[in-house]
Amino acid sequence: MAKVGGMRKPSGKVEHAKDKKKTLLRLFKYLGKYKGLIIFAILITIIYNVLNLLTPIMQGYLLDYIKEQLDTDSSINYDIVLGYIINMIIIFTLSFVLTYIGNLIITRVSKKIVTTLRHDSFDSLSKMSVSYFDHNQIGDIISVMSYDIDTVSTSLSNDVVTLFSSFIQIVGSLILMISISWKLCLVFAFTLPITILFSRIMLKRLHPLFRKRSIKLGVMNGYSEEMITGIKTIKSYSKEKYTLEKYMVVNKEAADAMYEADYHGCVMGPSMNFINQFTLALICVVGALLCIYEGFSYGYISAFTQYSRKFAGPINEMANIATDIGSALAAAERVFYLIDENPEDINDNKDAKEIDTSSGEINFDHVKFGYTDNIVLKDFSLDVKSGKKVAIVGKTGAGKTTIINILMRFYDIKNGTISLDGINTKEITRSSLRHQFAMVLQDTWLFEGSVFENLSYGNPLVTQDDVIDACKKAHIHSFIMQLPNGYSTILKENGGNISKGQKQLLTIARAMLLKSSILILDEATSNVDTKTEMDIQDAMNKLMEGKTSFIIAHRLSTIKNADIILLLDNGDVIETGTHKELMDKKGRYYNLFISQYDR
Ligand SMILES: Nc1ncnc2c1ncn2[C@@H]1O[C@H](COP(=O)(O)OP(=O)(O)O)[C@@H](O)[C@H]1O
Ligand SMILES: [Mg+2]
2 MAKVGGMRKP
12 SGKVEHAKDK
22 KKTLLRLFKY
32 LGKYKGLIIF
42 AILITIIYNV
52 LNLLTPIMQG
62 YLLDYIKEQL
72 DTDSSINYDI
82 VLGYIINMII
92 IFTLSFVLTY
102 IGNLIITRVS
112 KKIVTTLRHD
122 SFDSLSKMSV
132 SYFDHNQIGD
142 IISVMSYDID
152 TVSTSLSNDV
162 VTLFSSFIQI
172 VGSLILMISI
182 SWKLCLVFAF
192 TLPITILFSR
202 IMLKRLHPLF
212 RKRSIKLGVM
222 NGYSEEMITG
232 IKTIKSYSKE
242 KYTLEKYMVV
252 NKEAADAMYE
262 ADYHGCVMGP
272 SMNFINQFTL
282 ALICVVGALL
292 CIYEGFSYGY
302 ISAFTQYSRK
312 FAGPINEMAN
322 IATDIGSALA
332 AAERVFYLID
342 ENPEDINDNK
352 DAKEIDTSSG
362 EINFDHVKFG
372 YTDNIVLKDF
382 SLDVKSGKKV
392 AIVGKTGAGK
402 TTIINILMRF
412 YDIKNGTISL
422 DGINTKEITR
432 SSLRHQFAMV
442 LQDTWLFEGS
452 VFENLSYGNP
462 LVTQDDVIDA
472 CKKAHIHSFI
482 MQLPNGYSTI
492 LKENGGNISK
502 GQKQLLTIAR
512 AMLLKSSILI
522 LDEATSNVDT
532 KTEMDIQDAM
542 NKLMEGKTSF
552 IIAHRLSTIK
562 NADIILLLDN
572 GDVIETGTHK
582 ELMDKKGRYY
592 NLFISQYDR
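So the sequence shown is residues 2 to 600, counted in the numbering used here.
Written as structure tokens, this is what we have:
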């Protein structure tokens, strides 16, 4: 299984979507459900942008009216002036209200999309085969679920609106400017190419710098993660100072990369500003000439300057939006990749049976299995009658857990068959198959919630009495009663506030409440003190009563009463029999047992 700890390499995220069109279509599909709302929002966007385009020309008319009156020494009719002003106020107010409504709609839609994307990713993740987590870093999965989905949502709510607004502003302003004076528009023929060329060159230079920045940031985060998960080891080796020094190196590199990107980025804003001001100055000069020689009105020039800003603004922004949308598409692609990941492998056979209860009779028939091309179990056969206890022993890496992994179909075998009550487990739905098992592992797993919730996890129908009964059998009741709120005490994530042995006893009590016919104990007694080990041993014996049990144990003294013991080496069963038979044989098991007693 994937490890949480360990230095996480920067995953070298692709900044560009590989298939933009496909990703975009897929996003549209998600948007499809909210077609009505989105069309409404777009309509509103169009209306308020068109409204915004009206005001400069109205200001121009007003200006021209006042100038005309002054030129001809006529008195100014303030009703007319007031009329213009009121009209403009109405337009501003309307545009404010419409912008607000439009943003509100888009924000709501993007919230819904985020929820759906998270739902779909989580759903896909929970259905993923266990092997998926062998190949994928947990940190990367989390980053897709949180950061990438956020990026998609932000882009949906900001960029989509901006894109439409910009389009209308650019086209509208251009049409109005041409209708005011195509000659003045020629100024843009000169300045626009400069703007576009400049921003292209800048983006080309900045892109690798931003990429470097995100990689360095990834390295730094990976290092922090490694430090936090390994804090005990670091402290026990007194490596705090060394860790800090190493952190300072990655910290400095990340800061340098950030500075470098921002330093070069700093030129962008002022340069654009300069080009804009320069354009404006040119317009004024050319406009003045037109006024003098062609009798152009001041109002028109004033309106033109305002349109020129409405026109140039979005064009300058386009480059940014394009980059934003580019990274949003790349993020969306990663999200869809997660959603689409390997579902076929996990789907049950079409005619797989749903089984209710089983007697717990298990048969392995010439099973061959490897996680990769490396074969772990070469030819494994075993027949277990209902209610029998099977102990599996052997060195670390011998293949003990692997037997459990394929029995519970965490991984599927390619050759041979495994059957439960005579039915090939491939013909049983995974969920009903796994229902037959109760499992206690060395890696205990508890979640943040009350003791009671943790205990009733597998069987929500159990009563308080059932739980107390199981806890008494598991020697954990008196401990729970000492907790501040008894069975209602909230356990921290993965039981951070209780000891390892107590966690183990809790998981045994949880397994007892399952009422399953088969029990699996994988190194459940490792790493606890002798008293706790005796408690656990006793609890496990009670748990095993009447159930088919597979016990993987490191300490051989704990499995003496098993009905059959398998000694595994390198995936092969090298000795098998009862404890007494194997001791009499004086073979490998005997030697192992004696060596443990010597210690
Ligand atoms: N998820 C996995 N992917 C690839 N190889 C694995 C995986 N899990 C275990 N192995 C390999 O399979 C072999 C048997 O492992 P396992 O059954 O876990 O041993 P153990 O007897 O200690 O429980 C080992 O060589 C181990 O490296
Ligand atoms: Mg193991």
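Here a beta-carbon is modelled for each residue, glycine too, at the ideal position from N, C-alpha and C.
These numbers come from a predicted model, not from an experiment.
Can you have a look at Lys386 and say buried or exposed, based on whether 16 or more other CB atoms are within 10 angstroms of its CB?
exposed
Starting from Glu576, follow the beta strand (DSSP E) in both directions and report where the run begins and ends.
Taken as a continuous stretch (DSSP letters only), the beta strand (DSSP E) holding Glu576 covers 573-578.
Identify the continuous beta strand (DSSP E) that holds Ala392 and give its terminal residues.
First-last of the beta strand (DSSP E) with Ala392: 390-395.
Just to check, is the beta-carbon of Asp149 closer than 7 Å to a non-hydrogen atom of ligand 2?
No, Cβ of Asp149 sits at least 7 Å from all heavy atoms of ligand 2.
How about Tyr35 and Val110: are their beta carbons less than 8 Å apart?
Yes, they are a contact pair.
What do you reckon, is the C-beta of Val377 under 7 Å from a heavy atom of ligand 1?
yes
Residues in its own chain within less than 8 Å of Thr402 by CB, not counting five upstream and five downstream?
Asp523, Ile553
Where Ile192 sits in the DSSP three-state scheme:
For the sequence presented, residue 192 should be read as Thr rather than Ile. Of the three classes helix, strand and coil, the one that applies to Thr192 here is helix, per DSSP.
Asp141 - containing alpha helix (DSSP H), residue span
139-144
Residue span of the beta strand (DSSP E) that contains Asn416, given as start and end:
416-421
For Phe370, which beta-bridge partners are listed by DSSP?
In the DSSP output, where bridge partners are listed per residue, Phe370 has Leu378.
So, using beta-carbon positions, are Ile43 and Ile169 closer together than 8 Å?
no
Relative to the alpha-carbon of Leu434, which residue among Tyr458, Ser360, Ile356, Gly219 has its alpha-carbon at the smallest distance?
Ile356
Rounded distance between the beta-carbons of Thr445 and Gln483, thought under 8 Å
That belief does not hold up - the Cβ atoms of Gln483 and Thr445 are roughly 20 Å apart, past 8 Å.
Out of Lys184, Glu241, Ile150, Gly266, which one is the CA nearest neighbour of Lys205?
Gly266
Return helix, strand or coil for Met409, following the three-state DSSP convention.
coil
Would you say Gly423 and Gly547 are within 8 Å of each other, going by their C-beta atoms?
no
Buried or exposed for Met541, please, with buried defined as at least 16 other CB atoms from any protein chain shown within 10 angstroms of its CB.
buried
Do Asp523 and ligand 2 come close, with the Cβ less than 7 Å from some heavy atom?
Relative to ligand 2, the beta carbon of Asp523 is positioned inside 7 Å of a heavy atom.
Report the residue from Leu557, Gly395, Thr94 whose alpha carbon sits nearest the alpha carbon of Asn571.
The candidate whose alpha carbon is nearest that of Asn571 is Gly395.
Got a sec, what are the start and stop residues for the alpha helix (DSSP H) Phe453 sits in?
452-456
With distance defined between alpha-carbon atoms, name the residue in Leu515, Leu568, Asp530, Ile565 nearest to Leu544.
Leu515
Is it right to say Arg511 is buried, meaning 16 or more other beta carbons lie within 10 angstroms of its own, or is it exposed?
buried
Taking Cβ positions, are Thr577 and Ile566 nearer each other than 8 Å?
yes
Tell me whether the beta-carbon of Glu342 lies closer than 8 Å to the beta-carbon of Tyr133.
yes
What beta strand (DSSP E) runs, 3 residues minimum, are completely inside the stretch 273-315?
none
Alpha carbon of Tyr618 to alpha carbon of Tyr248, nearest angstrom:
Residue numbering for the chain in the displayed model covers 2 to 600; residue 618 lies beyond these limits and cannot be assessed.
Would you please state the rounded distance, in angstroms, between the beta carbons of Arg335 and Val145? I believe it to be under 8 Å.
5 Å
Would you say Thr559 touches ligand 2, meaning its beta carbon is less than 7 Å from a heavy atom?
no
How many angstroms separate the CA atom of Ala3 from the CA atom of Gly140?
Because the pLDDT of Ala3 is 33, which lies under 50, any placement of that residue in the model is unreliable, and the number read from its coordinates should be weighed accordingly. The straight-line gap from Cα to Cα measures roughly 10 Å.
Taking all protein chains shown into account, decide if Val1 is buried (16 or more other Cβ within 10 angstroms of its Cβ) or exposed.
A query on residue 1 cannot be resolved here, the shown segment of the chain reaching from 2 to 600 and no further.
So what's Met221 in DSSP terms, helix, strand or just coil?
helix
DSSP beta-bridge partners of Ile552:
The partner list for Ile552 (beta bridge, DSSP) reads Ala392, Leu522.
Identify, in the order they occur along the chain, each residue of the same chain with its Cβ nearer than 7 Å to the Cβ of Glu534, setting aside the five sequence neighbours on each side.
Thr526
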